[in-house]
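Here is the structure we will look at, set down as structure tokens.
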Amino acid sequence: MYRYDEFDERFVRERVGQFRDQVARRLDGSLTEDEFKPLRLKNGVYLQLHAYMLRIAIPYGTLSARQLRQLALIGERYDRGYGHFTTRQNLQFNWPQLRDVPAILDLLADVEMHCIQTSGNCIRNVTADHFAGVAQDEIEDPRAVCELIRQWSTAHPEFSYLPRKFKIAATGAQHDRAVIKAHDIGIRILKHPQSGEIGYEISVGGGLGRTPMIGKVVRDFLPKTDLLAYLEAVMRVYNLEGRRDNKYKARVKILVHEIGTDEFRRRVEAEFAKLDGPSVNADPEELARIESYFTPPAYQSLPEDSQALAVAKAANPDFARWVDTNLTPHRVPGYSAVTISLKPVGLAPGDATSEQMRLVADLAERYSFDELRVTHAQNLVLPHVRKDDLFAIWQALVPVGLATANLGLITDIIACPGLDYCALATARSIPIAQAIAQRFADVERQASIGELNIKISGCINACGHHHVGHIGVLGLEKRGIESYQITLGGEATENASIGEILGPGLPAEEVPNAIEAIVGVYERHRHDGERFIETVKRVGLVPFKTAFKELADAVA
Amino acid sequence: MLLLDRNGAATDGWTRTEGAAIGNLSRALVGFDALPEALAQLAPDQQIGVLISNALAVSELEPFLPRLSLIAIGFPAFADGRGFSQAKAIRRAGFTGSLRASGPLIPDQFDYALACGFDEIELPDTSADRQTVLQWQQARGRLSQTYQRGYRRDGNILDRRRLARTASGSTAP
Amino acid sequence: MASSATRPPLPAILLANDLLDGDVVFAIGEADGSLGWTRDPGLALVATDDAAAVRLEGFATAELAAQHVVDAYLVDVELGAAGPVPRHFRERFKTLGPSNRPDLGKQAGEGIAARRSV
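Protein chains in written order, with our numbering: chain A, 472 to 1027; chain B, 3 to 175; chain C, 344 to 461.
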């Protein structure tokens, strides 16, 4: 993991002091609310329905045990004993008081953490493949470049007052687990087809929200050394030319769409050509310095298969189910990446109590080289676990409710906080997720349905990624009640696509029935071994729309 | 109106004109539309400055740069950051005169403005009444070092790390 | 702040968030006849006519300017047995708390008794 040097440490401490001063100037009237709001947002402080909310950055989703324990402590001391992991790999506390935020920031700085740029019209916390450094299909760990971008984008003098928020994601693998095509900039690490040199493919203009767009490749191959100059060129074009007349048209995706990908590329390349690259880019030595923090841990030399695991599986069907569902192959023999589901049936997706955080921190320290990941699907990962240790881990998870075996299944639902917490929401998300999970709680049924991603957003801003859910649910207000629009066929992978609306909005209580109807069509049409999304792509929307219409007509 | 520079409150020696009528003003500040006409009348002992909108492409201003002593970039709102990129592009184009940010900026943007190449901030009274010169001075350098290369004159973290590497002769963290 | 053009139908209450702690607060009539804030939605002062609504709007403007509260606005209500209840579901959640966590927020009695603290 990356560790702060004296410069990083001083910067974060000074940033806390700056925020403390900003709060004081708000309270004495020097700053108006209109002036203070962007400043607090750039430090992760929102005003939500019931209270302030504090969003803590977990850069590229990597955490240490010590950091997670500190989050547990903050949750207990300044919040209500729980936090919410988000689709951008961050953690939100729902009940902090503004007066306490500087003290919370001090505690975060003690463990090399912060809330910098987790909101506001600036470059946001950089996200990455949650299996970085683990995945078998990886060319290079993307976290070093993410850390370089984290530093470069922090308190950027020129790009801190952009037309709108700006999100960057990176992956170093063939299979995209970071949804890079739904980001303002998506970075894919690749090998040059001729030279074999490692560099970046750059996509721009992806994003969800009101106008969902898939990112367009603007650079097939960018040499590593040119990264910061190229990013500066993209950001300068966007800062100068992105629309500021309408917040719903202000994201870079709209600029790319309006002027066209070729023209956008031309403008970026023209700006890039004018830049004095060597005066902007990081030294190769600086990138090497950062990369040295992401070298693989000291794995043991183990056989691929674990005898202890086989024995425990044979003796314990619940454990076997969890192993068969929640593990991801590791590049090192004898190891696995373990996903700890934060989606127990009946509870809010992505929530974890301080007690659960402490337990997971202990497990990470003991069994996973002191390392944890947060996934954009709102789960946690122990990235480097010996297969021999899986049973002990599972036994520790069961009593605290963290052994749910549903990774990638129909109950592994992404949901934003929705109108239960969020001031922007138009409808609730969490109760919808709970109702769907309860409907499909039967583990045999879940296993028989197989991989199916349901994603729920409580408003058009799409924090719940509903556009790229196999099934998406969007909560809106219709004539004074909550109404839910269902989409089908979205994908968040390297084949990213936007789901299509099936029909008119439904009242909350009908949503589980609609999911049931959709799943029913899949079960009738699927070929042997065919995943839900494959069936949808093969048979098209028509049979699903027909089933949906029957249901919607009956409701109306 | 309050004018601020690195050292605190400053005196504004510039006079805004209507159209291109610069008369015998020693320092005349004209709008971009009137600039060609004003330059045509410029006497040897006169200096001319231009006030531009933050929507103006810097390429349109470039032909005039050698004859300008001041460029004031309008900030319609503090949250509209186009002016920062314009300033950076104007400096890159070789402009060595004064660069002024004119509008309701906030003290927390002072360092950003200076780093992008501005020399001074012209604040409306509605902002200056609440945000004192002292607050602007205290906001300066609150983040004593930042990461970006090519912005702040007093250096940056990446270059300092490079210096430290060179001094220690090592690349290890 | 809401002018009469944007004012919701009456009866209405004034709610806001406390600037320092973020809690939802409601305008209340104090014993001395002045206006203050309470955290208990059941005690919110109900404006039933234009004059009362104008008074709440004036209070909101003053309290925003005094850096006591943020996001203050009038909300139309029905009069229930336990006090005023917002007609819109969004505002109703503000008087209750998260619907998936009945153990938290005003519905659980959290902070109800506290006055606005400075």
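Virtual Cβ for every residue (Gly too), placed ideally from N, Cα, C.
- According to the DSSP secondary-structure assignment, A390 of chain C is paired through a beta bridge with C:A355.
- Counting only runs of at least 3 residues, the region 750 to 804 of chain A fully encloses the following beta strand (DSSP E) elements, listed from N- to C-terminal order: 798 to 800.
- Annotation: T810 of chain A to A781 of chain A spans about 19 Å, alpha carbon to alpha carbon.
- A:L698 is the residue among A:L726, A:E740, A:H941, A:L698 whose C-alpha sits nearest the C-alpha of S750 of chain A.
- In this structure, T148 of chain B sits near I159 of chain B, with a CB-CB distance shorter than 9 Å.
- For D419 of chain C, the closest Cβ of chain A is not nearer than 9 Å.
- Under the DSSP assignment, Q956 of chain A falls in the beta strand (DSSP E) whose first and last residues are 952 to 959.
- Counting every other CB atom within 10 Å of its CB across the protein chains shown gives M3 of chain B a total below 16, marking it as exposed.
- Bridge partners of E609 of chain A according to DSSP: A:A644.
- By a beta-carbon distance limit of 8 Å, A615 of chain A does not contact R802 of chain A. Their separation comes to about 17 Å.
- Taking a Cβ-Cβ threshold of 8 Å, the residues of chain B close to S501 of chain A are R132, Q133, T134, Q137, in chain order.
- Chain order gives no chain A residues near P352 of chain C, where near means a beta carbon separation below 9 Å; the closest approach is about 13 Å.
- For H555 of chain A, the enclosing beta strand (DSSP E) starts and ends at 553 to 556.
- A contact is defined here as three or more CB-CB pairs under 8 Å, and the region 7 to 16 of chain B meets this definition with respect to the region 121 to 130 of chain B.
- Relative to L44 of chain B, the option among B:R84, B:S55, B:V32 whose CA is nearest is B:V32.
- By the neighbour-count criterion, in which 16 or more other beta carbons inside 10 Å mark a residue as buried, E506 of chain A falls on the buried side.
- The alpha-carbon of V1010 of chain A is positioned some 35 Å away from that of V852 of chain A.
- The beta carbon of A390 of chain C sits closer than 8 Å to the beta carbons of L353, P354, A355, I356, L357, A396, R398, L399, L417 from its chain, once the five residues preceding and following it are set aside; these are given in chain order.
- About 5 Å separates the beta carbon of P567 of chain A from that of Y523 of chain A, a gap short enough to meet the 8 Å contact definition.
- Nearest to A408 of chain C by alpha-carbon distance, out of C:A456, C:I455, C:L362, is C:L362.
- In the DSSP annotation of this structure, the continuous segment of the alpha helix (DSSP H) that includes F86 of chain B starts and ends at 84 to 94.
- Annotation: L512 of chain A has no Cβ neighbours in chain C at a cutoff of 8 Å; minimum Cβ distance is about 13 Å.
- W623 of chain A sits in a helix when the DSSP states are folded into three classes.
- Among the residues facing chain A, D364 of chain C is included, as its CB has a counterpart in that chain under 9 Å away.
- I920 of chain A: not part of any beta strand (DSSP E); member of the alpha helix (DSSP H) spanning 914 to 920, first to last residue.
- What S590 of chain A touches in chain B, judged by beta-carbon distance under 8 Å, is nothing: the nearest beta carbon there is about 14 Å away.
- Under the DSSP assignment, M472 of chain A falls outside any alpha helix (DSSP H); it carries neither an H nor an E label.
- Here T13 of chain B is exposed. Its C-beta has fewer than 16 other C-beta atoms within 10 Å.
- Bounds of the beta strand (DSSP E) holding H855 of chain A are 851 to 857.
- Legend: CB atoms of the region 897 to 925 of chain A lying less than 7 Å from CB atoms of chain C belong to residues R899, I901, P902, Q905.
- Sequence-ordered contacts of the region 139 to 163 of chain B with chain A read R144, L145, S146, Q147, T148, Y149, Q150, R151, G152, Y153, I159, L160, R162, R163 [C-beta pairs closer than 7 Å].
- Excluding residues up to 5 positions away in sequence, S928, H937, Q956 lie with their Cβ nearer than 6 Å to the Cβ of L945 of chain A in the same chain.
- By the rule that beta-carbons nearer than 9 Å mark a contact, R398 of chain C does not touch chain A.
- Shown here for S954 of chain A: same chain residues with a beta carbon closer than 6 Å to its own, the five before and five after excluded, namely L947, G976 in chain order.
- DSSP, reduced to helix, strand and coil, places M828 of chain A within a helical segment of the structure shown.
- Boundaries of the beta strand (DSSP E) around Q563 of chain A: 562 to 564.
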